[in-house]
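As structure tokens, the structure follows; a few thoughts come after it.
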Amino acid sequence: MNINANSNFANIKETYLFSEIGARVRKYQEANPSASVIRLGIGDVTLPLNKVVVDAMTEAVAEMGVKETFRGYPPEYGYDFLRQAISDYYTRNGSSVPASDIFVSDGAKSDCGNFPDILGSNEILIPDPVYPVYLDSNTMNGNHINLVTGSADNGFTPSPSDITTGDKPYVIYICSPNNPTGAVYTRDGLKAWVDYALKTGSLIIFDAAYEAFITEDIPHSIFEIEGADQCAVEICSFSKFAGFTGTRCGWTVVPSGLDAGGVKLQKLWARRQATKFNGVNYPVQRGAQAALSVKGIEACMEAIDYYRNNAKMIADLMSKKGIWYTGGTNSPYIWLKCPNGMGGWEFFDMLLNEAQVVGTPGEGFGEAGAGFFRLTSFGSAEATAEAVARLDKLL
Ligand SMILES: *Cc1c(COP(=O)(O)O)cnc(C)c1O
Numbered sequence: 050m051n052i053n054a055n056s057n058f059a060n061i062k063e064t065y066l067f068s069e070i071g072a073r074v075r076k077y078q079e080a081n082p083s084a085s086v087i088r089l090g091i092g093d094v095t096l097p098l099n100k101v102v103v104d105a106m107t108e109a110v111a112e113m114g115v116k117e118t119f120r121g122y123p124p125e126y127g128y129d130f131l132r133q134a135i136s137d138y139y140t141r142n143g144s145s146v147p148a149s150d151i152f153v154s155d156g157a158k159s160d161c162g163n164f165p166d167i168l169g170s171n172e173i174l175i176p177d178p179v180y181p182v183y184l185d186s187n188t189m190n191g192n193h194i195n196l197v198t199g200s201a202d203n204g205f206t207p208s209p210s211d212i213t214t215g216d217k218p219y220v221i222y223i224c225s226p227n228n229p230t231g232a233v234y235t236r237d238g239l240k241a242w243v244d245y246a247l248k249t250g251s252l253i254i255f256d257a258a259y260e261a262f263i264t265e266d267i268p269h270s271i272f273e274i275e276g277a278d279q280c281a282v283e284i285c286s287f288s289k290f291a292g293f294t295g296t297r298c299g300w301t302v303v304p305s306g307l308d309a310g311g312v313k314l315q316k317l318w319a320r321r322q323a324t325k326f327n328g329v330n331y332p333v334q335r336g337a338q339a340a341l342s343v344k345g346i347e348a349c350m351e352a353i354d355y356y357r358n359n360a361k362m363i364a365d366l367m368s369k370k371g372i373w374y375t376g377g378t379n380s381p382y383i384w385l386k387c388p389n390g391m392g393g394w395e396f397f398d399m400l401l402n403e404a405q406v407v408g409t410p411g412e413g414f415g416e417a418g419a420g421f422f423r424l425t426s427f428g429s430a431e432a433t434a435e436a437v438a439r440l441d442k443l444l
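When we follow my numbering, the leftmost residue of the sequence shown carries the number 50, and every step to the right adds one.
Structure representation (structure tokens):
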């Protein structure tokens, strides 16, 4: 054909992470057909939707089958009942976000990936290691990417003082609690980023997908920090909070005060969504609303407590073994430093061969992940306990 493809795609680094993990596990299982392999590399929830959510969705499906209550296209930015429920959720967590600043979507990944649509060419600042969506979506748009490095020294919560590419206006990505490192920014840590953004005229894109795992006195939202409504958007999701990874619902907060050179970002995001997105289906929005009810939050927290217990089992073992790690509390992830200076893949092979436990090498999340390893708490309690017992013998 005589058309031009987007040449920026050539700059996206191929990731063989999960296919390579799959290939190594398959090879091991073929050679050891009776071995019981435990997967602690799962990055997806495994518990089913709770009854509060299912009942609300079921009722909504029934409404769709009756002429009087049938609904067609949903409103582009989400039904008011859900935008209000999300706004109330912020109030409960101690910040103030008006419903009109909330844009419901089919998930945080879409919003992370789509947000560069409304921004021009900018310098991007991304932490390393990182959730690959931030990196790849900006590469697709041809943006120049600067990395700020996470390390054991900064506890994988890099601060503005770790920037090595100069102080200037950046589009800054922050994910807290973090995937893959499980690290969480304190109030002071987040304030440093908000102050930096206000000083330099930067925009923060804050990914709060794991906020529901927070147990300590740590911000659930960037909007708990004063001034964030002048410099930050927040992307959040029902995926990890309510088990919606297969059902799909999330939201983005674009404060009305965000002004990029005289242009209101909220206006652009509204236009972008209205043009390219036709909303989340009604039953799912009713399910999401139910998840944010008092009973719904209680039921969601039961599932999160289950994962938290798994995380604690793993974290306790790391503490016992004197292995350095982040996460384990306020997060479903444990990010550990491979013992004896091993590389992530070397450690992967050792766990697979000696304990039949599968995790994720840190190398898959960026150069700064080398020599680190991610274990997740999304397995069953029984499998996690068994894996911990095996690792207790091995490490
Ligand atoms: C799981 C996850 C999300 C949620 O994505 P959805 O598209 O809403 O399922 C967002 N950000 C990070 C870092 C995640 O790990």
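Note that the Cβ used here is the ideal one computed from N, Cα and C, for glycine as well.
Should residue i be labelled buried (16 or more other beta-carbon atoms within 10 Å of its own) or exposed?
i, result
"I52", "exposed"
"P410", "buried"
"I61", "exposed"
"F421", "buried"
"E347", "exposed"
"V233", "buried"
"E283", "buried"
"H269", "buried"
"P82", "exposed"
"L89", "buried"
"A64", "Looking at the sequence itself, residue 64 is Thr, so the reference to Ala does not match. By the neighbour-count rule (16 or more Cβ atoms within 10 Å), T64 is not buried but exposed."
"P97", "exposed"
"M106", "buried"
What are the boundary residues of the beta strand (DSSP E) that includes residue i?
i, result
"N195", "193-198"
"L424", "421-425"
"K386", "382-386"
"V220", "220-224"
"Y374", "374-376"
According to DSSP, is residue i helix, strand or coil?
i, result
"P332", "helix"
"G428", "coil"
"R88", "strand"
"E117", "coil"
"A319", "helix"
"L252", "strand"
"V101", "helix"
"V302", "strand"
"D93", "coil"
"V312", "strand"
"T409", "strand"
"S270", "coil"
"A436", "helix"
"L66", "helix"
"A337", "helix"
"V74", "helix"
"N389", "helix"
"E265", "coil"
Kindly indicate the opening and closing residues of the alpha helix (DSSP H) around residue i.
i, result
"S83", "Element bounds for S83: n/a, residue is neither H nor E."
"A246", "236-249"
"F396", "393-404"
"V282", "Taken as a continuous stretch (DSSP letters only), V282 belongs to no alpha helix (DSSP H), being part of the beta strand (DSSP E) at 281-286."
"R357", "343-370"
Less than 7 Å separating the Cβ of residue i from some heavy atom of ligand 2?
i, result
"S186", "Absence of ligand 2 from the depicted structure is noted, with ligand 1 being the only ligands included."
**OP:** Could you name the residues whose beta carbon sits closer than 6 Å to any heavy atom belonging to ligand 1, keeping them in chain order?
**Re:** Those residues that have a beta carbon less than 6 Å away from any non-hydrogen atom of ligand 1 are, in order along the chain, G156, A157, K158, Y180, C224, N228, D256, A258, S286, S288, K289, T294, G299.
Original post:
What are the complete beta strand (DSSP E) segments, minimum 3 residues, inside the region 134-190?
Top reply: Complete beta strand (DSSP E) runs here, min 3: 151-154, 172-177.
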